[in-house]
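Basically the working numbering = 1-based index in the sequence shown + 7.
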Amino acid sequence: MTPILLVEDNPDDELLTRRAFAKNRISNPIIVAHDGAEAIELLLGADPILPAVVLLDLQLPKIGGLEVLSRLRADERTRLLPVVVLTTSKEDSDLLASYGRGANSYVRKPVEFEQFVQAVGQLGIYWLLLNEAPPPPSPQVVTR
């Protein structure tokens with residue numbers, strides 16, 4: 008199964024997300040990046056991963072979520088990668104900036120656990136089962 012990349016620095020939110028996926032019987036492996044720099048390394052580094060979807064928090068240490076999103080969209084390998092901003096921010100400026108930088112979706116984290124479970128379940132059904140993702144980019148062929 009294709010993994011899900013969760014970019015989340017809050018251990019409580021990470022645990023809630025894992026529990027919500029388990030409760031919804033979504034068994035894709037979850038890889039966690041605890042800051043923006045780790046997310047960039049996982050997605051654009053020497054041995055990159057290509058997850059089914061990235062769940063991206065905005066308020067991250069080292070490199071913020073909006074900058075992570077900009078870098079993903081600037082790179083041909085991740086330009087079309089589905090990215091869902093999953094945040095507690097209620098700022099219209101964050102919503103507009105996220106879409107402006109290429110987010111596929113913007114979801115506010117519900118405060119109540121049952122609502123959070125339901126939201127994660129809907130995200131999983133849509134992005135992992137219903138959505139048809141573009142094919143992965145072809146590796147560059149180097150000729151001499």
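Don't be surprised by glycine CBs; every beta carbon is placed ideally from N, CA and C. Every value quoted in this text rests on a predicted model; they were computed, and no experiment measured them.
Within the same chain, VAL14, ALA40 and VAL75 come within 6 Å of ALA46 by CB-CB distance, once the 5 residues on both sides are set aside. By the Cβ neighbour-count rule, ALA53 is exposed, with fewer than 16 other Cβ atoms within 10 Å of its own.
As summarised for the segment 22–75, the continuous beta strand (DSSP E) elements at least 3 residues long and confined to that stretch are 37–40 and 60–63, given in chain order. Rounded to the nearest whole angstrom, the C-alpha separation of GLU98 and VAL114 is 12 Å.
Counted as a single uninterrupted DSSP element, the stretch harbouring VAL124 is not any beta strand (DSSP E) but the alpha helix (DSSP H) occupying residues 120–131. When the Cα atoms are used, ASN17 and PRO142 turn out to be separated by approximately 32 Å. Taking a cut-off of 8 Å on C-beta distances, the segment 124–139 does not touch the segment 69–84, as fewer than three cross pairs fall below it. For LEU103, the enclosing alpha helix (DSSP H) has its first and last residue at 99–107.
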